[in-house]
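Data first, discussion second: the structure below is written as structure tokens.
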Amino acid sequence: MPTLPQNDFGRAHASADVLAELGESLSARDAAISPKFLYDALGCKLFESICELAEYYPTRTEASIFARHGADIARAIGAGSAMLDLGAGNCAKAASLFSLLHPSQYVAIDISHDFLRESVERLHQRFPHIEMNLLSQDFSNGLALPAFVRKERRLFFYPGSSIGNFTPEQATLFLRRARAQCDADGALLIGIDLVKDSAVLDAAYDDALGVTAAFNLNVLRHVNHLAGADFDVRQWRHRGFFNAADSRVEMHLEAREDLTVNWQGGTRRFARGQSIHTENSYKYKQSAAVGLLEQAGFQTMNVWTDPDAWFAVIYARA
Ligand code: AVJ
11 MPTLPQNDFG RAHASADVLA ELGESLSARD AAISPKFLYD ALGCKLFESI CELAEYYPTR
71 TEASIFARHG ADIARAIGAG SAMLDLGAGN CAKAASLFSL LHPSQYVAID ISHDFLRESV
131 ERLHQRFPHI EMNLLSQDFS NGLALPAFVR KERRLFFYPG SSIGNFTPEQ ATLFLRRARA
191 QCDADGALLI GIDLVKDSAV LDAAYDDALG VTAAFNLNVL RHVNHLAGAD FDVRQWRHRG
251 FFNAADSRVE MHLEAREDLT VNWQGGTRRF ARGQSIHTEN SYKYKQSAAV GLLEQAGFQT
311 MNVWTDPDAW FAVIYARA
């Protein structure tokens with residue numbers, strides 16, 4: 011098994027930066043923890059479990075769009091691109107498209123290094139003819155692509171509506187930067203979750219089994235590890251709901267009692283009922299999703315949705 015070319019420079023100076031970022035967001039007037047910290051190894055596994063829940067429609071709805079319109083999508087894209095998988099996770103989505111899109115290079119990019127490494131090594135054994143690289147990087151503030159990533163015909167693959175974690179302004183900026191890293195034949199294949207009935211959204215982010223609750227609460231364990239904090243998970247409660255005014259699902263962790271949290275370099279008191287904002291997941295109308303991509307400079311677009319128009323897959327040419 012050859013070792014895969016990889017680049018860990020995103021991790022080299024992580025701890026000081028991470029500590030500063032967490033300290034700042036925990037001390038802010040509205041306390042927050044960035045959703046990127048949801049994905050330690052256990053968080054990745056919990057997210058995989060979320061994707062199997064009846065209530066969590068995005069994964070299977072997106073998959074149904076690829077299943078139904080795969081031939082169309084493949085025709086629009088053509089074979090032989092360099093596929094850059096943003097937030098690759100277990101790489102399952104990309105892998106399921108290999109036989110359709112026939113990429114000649116595959117670059118898996120994700121913040122969770124160990125989880126990603128296992129995923130890519132497994133995948134490389136299944137598809138030895140595809141050149142594969144892994145890049146463990148927090149790309150939320152921009153993407154640094156090393157020289158082993160081919161410049162020609164890049165296809166940014168950003169499925170699952172992860173773009174929803176950004177505000178629309180941040181999303182435009184991020185997409186504009188991705189576009190700037192494309193040549194004239196570059197493109198983006200993105201999955202965007204659409205606005206729908208709020209009961210459906212509420213259930214998807216507050217499921218009956220409590221898997222999403224565990225996923226959200228797990229961020230406290232991760233922060234304990236990253237910042238030497240002393241969060242007691244039992245003192246916190248999961249909240250997940252659709253905020254229609256801002257067109258986003260929000261996740262929060264709410265203090266069940268008055269408590270104090272300490273971390274390396276800081277401390278904060280929380281009164282019972284006070285909360286920490288852990289995630290936004292923006293939902294777009296189809297026209298707004300297209301508008302977002304236009305704002306970012308993308309030109310020709312193809313849009314595919316499911317029959318209920320719950321989710322959109324969009325192919326946008328740079
Ligand atoms: C991975 C960001 C697309 O927003 O739906 C799932 C994360 N949060 N359940 C989403 C998530 C709660 C997910 N994304």
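Quick note: the sequence shown uses my numbering, first residue 11, plus one each step. Think of the CB as a built atom: it goes at the ideal place given N, C-alpha and C, for glycine as much as any other residue. Bear in mind that the values here come from a model prediction, so they are computed numbers and not experimental data.
key: Which of helix, strand or coil DSSP assigns to Thr277   = strand
ask   = Are Val229 and Ile43 close, meaning C-beta to C-beta below 8 Å?
value = The criterion of a C-beta distance shorter than 8 Å is satisfied by Val229 and Ile43.
query = Closest by CA to Trp314, which one among Tyr292, Ala154 and Glu72?
reply = Minimum Cα distance to Trp314 is reached at Glu72.
ask   = In the structure shown, what three-state DSSP assignment does Ile43 receive?
value = coil
request  = Can you check the region 197-254 for any alpha helix (DSSP H) of at least 4 residues that lies completely inside it and give the ranges in chain order?
outcome  = 208-214 and 221-237
request  = Spatial neighbours of Gly201 within its chain, please: CB distance less than 6 Å, with the 5 preceding and 5 following residues excluded, ordered by chain position.
outcome  = Glu72, Pro169, Gly170, Ser171 and Val323
query = Based on the DSSP secondary-structure assignment, which residues constitute the bridge partners of Glu289?
reply = BP columns for Glu289 point to Met261.
query = Looking only at DSSP bridge pairs, what is Glu329 linked to?
reply = The chain is shown from 11 up to 328; residue 329 falls before or after that span and cannot be answered.
ask   = Which residues share a DSSP beta bridge with Ala30?
value = Paired residues: none, contrary to the question.
request  = Evaluate the contact criterion for the region 143-155 versus the region 48-66: three or more CB pairs, one atom per stretch, below 8 Å.
outcome  = Judged by pairs of C-beta atoms under 8 Å, the region 143-155 does not touch the region 48-66, as fewer than three such pairs exist.
message = Taking a contact to mean a Cβ-Cβ separation below 8 Å, would you say Glu58 touches Ala213 in this structure?
response = no
ask   = Between which two residues does the alpha helix (DSSP H) harbouring Arg136 extend?
value = His123 to Arg136
request  = Give the single residue among Leu111, Leu204 and Glu162 whose Cα lies nearest to the Cα of Ala194.
outcome  = Comparing Cα positions, the closest option is Glu162.
message = Considering only the alpha carbon of each residue, which of Ala281, Ala224 and Asn100 lies closest to Phe125?
response = Asn100
inquiry  = Whole angstroms are fine: how far does the CA of Ala98 sit from the CA of Asn312?
reply    = Asn312 and Ala98 have their alpha carbons spaced roughly 23 Å apart.
task = Identify, in the order they occur along the chain, each residue of the same chain with its Cβ nearer than 6 Å to the Cβ of Ala265, setting aside the five sequence neighbours on each side.
result = Phe280, Arg282 and Gln284
query = Within 7 Å: the Cβ of Ser291 and any heavy atom of ligand 1?
reply = yes
Same chain, Cβ closer than 8 Å to Thr277, neighbours up to 5 away in sequence not counted = Thr270 and Val271
ask   = Where do the ends of the alpha helix (DSSP H) carrying Tyr67 lie?
value = For Tyr67, the enclosing alpha helix (DSSP H) has its first and last residue at Tyr67 to Ile87.
query = Do Asn175 and ligand 1 come close, with the Cβ less than 7 Å from some heavy atom?
reply = yes
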